[in-house]
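Engineer:
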Amino acid sequence: MLKRRYFFAFAVSLLALSGGVQAQTLSIDDCVGMALSENKTIRSAVYRADQYKYTSKALKANFFPNVSLQLADFYSTLGGAVGVDIANPVGQYIVKRITELAPLAASNGLGSWYLSTIPDRLEELNPNLSYSVNNVVSAMLQIEQPVYMGGKIRAGYKMGQLGAKMADLGIRVSEEEVILKTYEAYSLVLKAQEMRAVAVKYDSLLVDVERTVSSAVRNGMAAQADLMKVNAAKSKAQLQVHQAENGLKIAKMNLCQVVGLPLNTGIDVLPIEDQLELADVFSSPDVSDRNEYHVLDMKTEIARENVKVEQANFLPQIGLMLAGGYINGGQLANQTMFNNKMHATVALNVKIPIFHAGEGRNKVQAAQAEYEQARLEQSNLTELMQLETQKALNELDEAVLAEELNTRLVAQAEERLRVSRGAYNCGMETLADMLTAQTEWQNAYAEMVDAHYQRITKQIGWLKSAGKLGQRSTDSNKVTYVIHGESCN
């Protein structure tokens with residue numbers, strides 16, 4: 215659907231830039247679809263939702279083992295020789311044993327001197343070991359698995375899921391704002407068209423009056439002052455027509471800006487099919503269908519899970535590590551130290567927090583305070599949403615009544631204008647009275663037009679405040695926006 219909207223918007227833009235082409239006719243469905251596809255706030259919200267979605271998947275990976283492979287090829291010119299002193303301890307041991315077995319021989323001067331030379335005589339037996347690092351090749355496959363983390367992994371994953379859902383709701387909230395703004399801009403265009411029609415109709419009525427009065431002046435049946443009054447009223451009517459045309463031009467430019475078209479695009483709009491069933495308007499405000507309500511609920515739940523995360527940081531944590539490796543290289547005494555050696559390692563890591571000067575308790579209490587704050591904020595904002603919904607319902611009720619009353623007033627003004635013109639033609643009413651009747655008709659008609667589109671705007675505002683605007687169905691990969699009974703596909 216979005217691709218079609220993008221193509222449509224692109225085609226309209228090209229036609230507008232080419233200049234001198236017929237205006238494009240747009241329906242409210244076209245405008246809503248284009249506005250949703252072009253709005254930068256919605257695009258930003260989509261990227262934010264993607265961010266939370268991938269973050270949630272990343273947190274889910276903490277449930278599974280972490281497997282890594284390490285490969286190394288190490289070369290060094292480091293080398294040398296290591297002398298090992300075995301003569302002195304062996305000589306001392308021999309001297310000790312001879313002294314124990316032949317104490318008399320060891321006690322005389324010659325024997326004592328001879329025994330003292332034994333360690334020196336054995337020094338030639340000390341080995342001199344050469345070593346060199348050269349090239350060492352190693353490989354290790356390591357598997358790490360958290361066994362118990364105090365519930366931190368599960369709580370973190372749930373927070374990620376809630377964040378992803380909340381970001382998706384953020385998209386819907388942005389969509390509702392765009393739909394409401396589009397309806398308002400679209401209604402302004404329709405209202406401006408109606409206002410221009412009223413002004414043109416009033417001007418045409420004055421043209422007829424001018425023709426009648428001019429004839430009467432020529433025949434001596436009316437004064438020149440009467441014609442001057444008509445001309446003055448006609449000048450005001452022409453100004454009103456011009457003002458209405460400018461208002462329509464501005465309204466169309468505003469709609470183009472909302473739907474993402476160049477401001478100078480030539481467009482026409484179709485009437486809105488009004489399918490509002492007033493019986494469906496419930497009197498008790500219920501905000502449980504509002505996306506903002508569910509966002510608040512998820513914020514509170516995230517704060518609750520954050521308490522669990524802080525608690526888990528100061529609970530025992532257990533992790534298991536398995537590793538297997540291979541190593542080859544290194545020379546010692548002309549022999550390879552690690553000759554294609556395979557090795558395995560198993561490690562169980564247990565971390566038990568003992569003392570952190572109250573850090574854990576204070577962090578948990580801070581998270582608990584944040585959770586309580588979120589609960590109070592949810593309660594307060596829920597009440598404000600209920601007030602907003604009730605206010606929107608009251609405004610809609612007043613707008614419906616105003617439309618009905620103004621419709622009756624227009625009918626009365628039309629009848630009075632018809633009677634007044636007949637009476638003037640028969641000489642039973644003055645020109646001023648007839649002009650007053652025409653002005654009253656114009657004012658009544660303009661107020662009826664304003665009341666009609668005020669009712670449409672209030673209707674959309676109530677649907678938004680009640681959570682009924684922008685409800686989406688994604689069956690068969692098709693997105694449907696439900697708007698007061700219509701389906702904007």
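Reading the sequence shown from the start, the letters are residues 215 to 703 in our numbering.
Beta carbons are placed, not taken as given, at the ideal position from N, Cα and C, and that holds for glycine.
The model shown is predicted, which means the values in this text are computed figures rather than measured ones.
(1) Do Glu661 and Asn620 have their CB atoms nearer than 7 Å?
(2) Helix or strand or just coil, what does DSSP make of His570?
(3) Taking only the alpha-carbon atoms, compute the straight-line gap between Gln604 and Lys395 and give it to the nearest angstrom.
(4) Is there contact here, the stretch 579-596 with the stretch 631-643, by at least three beta-carbon pairs under 8 Å?
(5) Can you give the beta carbon distance from Ser679 to Ala606, rounded, assuming they're within the 8 Å contact cut?
(6) Could you have a look at Asn576 and say whether DSSP puts it in helix, strand or coil?
(7) Quick one, which of Lys443, Gln673 and Thr596 has its alpha-carbon nearest Val423's?
(8) I need the straight-line Cα distance from Leu402 to Lys466, nearest angstrom please.
(9) When you compare the CB positions of Ala378 and Ser270, do they come within less than 7 Å of one another, or not?
(10) Enumerate in chain order the residues of its own chain whose CB-to-CB distance from Met599 is below 7 Å, with the five nearest sequence positions on each side excluded.
(11) Can you name, in chain order, every residue of its own chain whose Cβ lies under 6 Å from the Cβ of Gly681, other than the five neighbours on each side?
(12) Going by the beta-carbon positions, is the gap between Gly538 and Leu285 smaller than 7 Å?
(13) Determine the closest residue to Leu534 out of Tyr268, Gly480, Ile357 and Gln457, with distance taken between C-alpha atoms.
(14) Quick one: Cα of Ser705 to Cα of Asn563, how far?
(15) Should Asp494 go down as buried or exposed, given a rule of 16 or more other Cβ atoms within 10 Å for buried?
(16) Starting from the N-terminal side, write out each stretch of the alpha helix (DSSP H) that is 4 residues or longer and does not extend beyond the stretch 246-298.
(17) I think Val663 touches Val412, with their Cβ atoms under 8 Å apart; what is that distance to the nearest whole Å?
(18) Whole angstroms is fine: what's the gap from Val624's alpha carbon to His666's?
(19) In whole angstroms, what separates the C-alpha of Asp244 from that of Gln238?
(20) Cα separation between Ser449 and Thr650?
(21) For Ala249 versus Val472, is the C-beta spacing smaller than 7 Å?
(22) By DSSP's criteria, His557 is part of a beta bridge. Which residues make up the other side?
(23) Out of curiosity, what's the CA-to-CA distance linking Asn348 and Ala558?
(24) Throw me the rounded Cβ distance for the Ile367 and Asn276 pair, which I believe falls under 8 Å.
(25) For the alpha helix (DSSP H) containing Thr479, list its first residue and its last residue.
(26) By alpha-carbon positions, which one of Lys254, Leu240 and Arg669 ends up nearest to Val614?
(27) State the DSSP-derived secondary structure class of Ile357, mapped to helix, strand or coil.
(28) Can you tell me which of the three DSSP states Leu529 falls into?
(29) Just verifying my parser: in three-state terms, what is the DSSP assignment at Asn445?
(30) Once the 5 residues before and after Leu492 are set aside, which same chain residues still bring their CB inside 8 Å of it?
(31) Which term fits Ala446, buried or exposed, when burial requires 16 or more other beta carbons within 10 angstroms of its beta carbon?
(32) Kindly indicate which residue of Gln265, Ser251 and Pro279 has the alpha-carbon position closest to the one of Leu536.
(33) In whole angstroms, what is the alpha-carbon distance linking Ser352 and Lys522?
(34) Could you please give me the residues that DSSP links to Thr239 through a beta bridge?
(35) Going by beta carbon distance, what residues of the same chain come within less than 6 Å of Asp264, once the five residues before and after it are set aside?
(36) Identify which residue in Phe552, Ala588, Gln592 and Ala627 has its Cα closest to the Cα of Ser346.
Structural biologist: By the coordinates alone:
(1) Against a cut-off of 7 Å, the Cβ pair of Asn620 and Glu661 comes out as a contact.
(2) DSSP places His570 in coil when its eight states are reduced to three.
(3) Distance between the alpha carbons of Gln604 and Lys395: 21 Å.
(4) Not touching, per the Cβ criterion.
(5) Between Ser679 and Ala606 a beta carbon distance of about 4 Å is seen, short of the 8 Å cut, so the two are scored as contacting.
(6) Per DSSP, reduced to three states, the secondary structure at Asn576 is helical.
(7) With distances taken between Cα atoms, Val423 lies closest to Lys443.
(8) Counting only the Cα atoms, Lys466 lies some 8 Å from Leu402.
(9) Yes, these two residues count as a Cβ contact at 7 Å.
(10) Taking Met599 as the centre and dropping the five residues before and after it, the same chain places the C-beta of Val501, Arg504, Glu506 and Tyr507 closer than 7 Å to its C-beta, in chain order.
(11) Excluding sequence neighbours, Gly681 sits near Asp503 and Arg504.
(12) No, the Cβ-Cβ distance between Gly538 and Leu285 is not below 7 Å.
(13) Looking only at Tyr268, Gly480, Ile357 and Gln457, the smallest Cα-Cα distance to Leu534 is reached by Ile357.
(14) Absent from the model: residue 705. The displayed extent of the chain is 215 to 703, so no value can be given.
(15) Because Asp494 sits at a pLDDT of 49, beneath the cut-off of 50, its placement in the model cannot be relied upon, and the following sentence gives the value as read from the coordinates. Asp494 is exposed by the Cβ-count criterion.
(16) Runs of the alpha helix (DSSP H) inside the stretch 246-298: 254-274.
(17) Rounded to whole angstroms, the Cβ separation of Val663 and Val412 is 7 Å, and the two are in contact under 8 Å.
(18) Spanning the two alpha carbons is a distance of roughly 12 Å.
(19) Taking the straight line joining both Cα atoms gives about 11 Å.
(20) The alpha-carbon separation between Ser449 and Thr650 amounts to approximately 16 Å.
(21) Judged by beta-carbon spacing, Val472 lies within the 7 Å limit of Ala249, meaning their Cβ atoms are closer than that value.
(22) His557 pairs with Gly539.
(23) Rounded to the nearest angstrom, the two C-alpha atoms are 24 Å apart.
(24) Yes, they are in contact, since the Cβ atoms of Ile367 and Asn276 sit about 5 Å apart, within 8 Å.
(25) Note, Thr479: premise wrong, no alpha helix (DSSP H); not H, not E.
(26) Its Cα nearest to that of Val614, the residue Arg669 stands out among Lys254, Leu240 and Arg669.
(27) In the structure shown, Ile357 adopts extended strand secondary structure according to DSSP, grouped into three states.
(28) When secondary structure is reduced to three states using DSSP, Leu529 falls in the coil class, being assigned neither helix nor strand.
(29) In the three-state reduction of the DSSP assignment, Asn445 falls in the helix class.
(30) Since pLDDT at Leu492 reaches only 43, below the 50 mark, its modelled position is unreliable, and no value is offered.
(31) Flag for Ala446 reads exposed.
(32) Ranking the options by Cα distance to Leu536, first place goes to Pro279.
(33) The alpha-carbon atoms of Ser352 and Lys522 are separated by roughly 42 Å.
(34) Beta-bridge pairing by DSSP links Thr239 to Asp482.
(35) Excluding positions up to five away in sequence, the list is empty.
(36) With distances taken between CA atoms, Ser346 lies nearest to Phe552 out of Phe552, Ala588, Gln592 and Ala627.
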